[in-house]
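Heads up, the thing below is written out as structure tokens.
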Amino acid sequence: MEALKKNALFRLQELEKKMLRAEKRKFNDQQRQIQRLKEKLFPGNGLQERKENMSGYYALWGKDFIDALYNASPGLEQEFVILEAH
10 MEALKKNALF RLQELEKKML RAEKRKFNDQ QRQIQRLKEK LFPGNGLQER KENMSGYYAL
70 WGKDFIDALY NASPGLEQEF VILEAH
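Count along the sequence shown from 1, add 9, and you get the number used in this note's numbering.
This is the structure in structure tokens:
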């Protein structure tokens, strides 16, 4: 009985280690995704509009781009707005 108990405990500990490694991998993957998104939204730790030129977007979407910016603009509130291309 003692040997069976030790064997079962060993297997449970190994399963716990595997689950912990899987959680760490998942967490690291999520951290990388967040970092990539942050770098896209805040290139060089600054604001995107300070790094990119809007003429490229205007060339792609024309006047609709300006209208979308105007309609999504929060006015004088200090908050971020994310526009998605459809």
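In this text, a Cβ means the ideal position worked out from N, Cα and C, and glycines have one as well. Model, not experiment: these values are computed from the prediction.
Beta-carbon gap between residue i and residue j smaller than 7 Å
i, j, result
"A77", "L92", "yes"
7 Å Cβ shell around residue i - same chain, five flanking residues per side excluded
i, result
"Y66", "F74"
"R30", "none"
"K60", "P52 and G53"
Residues near residue i by beta carbon distance below 8 Å, same chain, minus five either side
i, result
"Q87", "none"
May I have a chain-ordered list of the alpha helix (DSSP H) segments no shorter than 4 residues that lie completely inside the stretch 40-78? 57-60 and 64-70
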